[in-house]
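**Student:**
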Amino acid sequence: MNCANGGWVSVLGFLVVHTQRSQTPSMSFWGLCNIPTKLYPWFLLLLFALLGGSFLDNLCGILVGYAFHYGHLRRLLPSEQR
Numbered sequence: 137m138n139c140a141n142g143g144w145v146s147v148l149g150f151l152v153v154h155t156q157r158s159q160t161p162s163m164s165f166w167g168l169c170n171i172p173t174k175l176y177p178w179f180l181l182l183l184f185a186l187l188g189g190s191f192l193d194n195l196c197g198i199l200v201g202y203a204f205h206y207g208h209l210r211r212l213l214p215s216e217q218r
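The opening position of the sequence shown corresponds to residue 137 in the working numbering, with each subsequent residue numbered one higher.
(1) Who are S162's beta bridge partners in DSSP?
(2) On the three-pair Cβ rule with 8 Å, is the segment 194-208 touching the segment 158-168?
(3) Go to Y206, then tell me how far its alpha helix (DSSP H) extends in each direction, as first and last residue.
(4) Between S190 and A203, what straight-line distance do the alpha-carbon atoms span, to the nearest angstrom?
(5) Within the same chain, show all residues whose beta-carbon is closer than 7 Å to that of I171, passing over the 5 residues directly before and after it, in chain order.
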């Protein structure tokens with residue numbers, strides 16, 4: 137187990153939120169190819185899995201990102217009321 141695994145899970149979660157809100161149709165992967173923006177986190181999930189990363193950890197990060205984007209985690213945010 138690598139200590140950076142938790143970092144990538146968080147990055148993938150934030151990346152999902154970013155890609156879902158983005159108006160850009162595609163994102164460049166190191167200048168090698170263009171990937172549709174909405175599919176970019178899934179592409180990274182498959183790439184990391186092929187390189188030996190934890191598929192389940194990264195999948196959980198992506199799913200939490202979608203849950204946050206679609207508002208399913210609003211109860212966990214601080215209340216604006218006092």
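Ideal placement from N, C-alpha and C gives every residue a C-beta, glycine not left out. Owing to the predicted nature of the structure, the values given are computational and were not obtained by experimental measurement.
**Tutor:** This is what the structure gives:
(1) P172
(2) no
(3) Taken as a continuous stretch (DSSP letters only), Y206 belongs to no alpha helix (DSSP H), as it is neither H nor E.
(4) 20 Å
(5) S162, M163, F165 and F179
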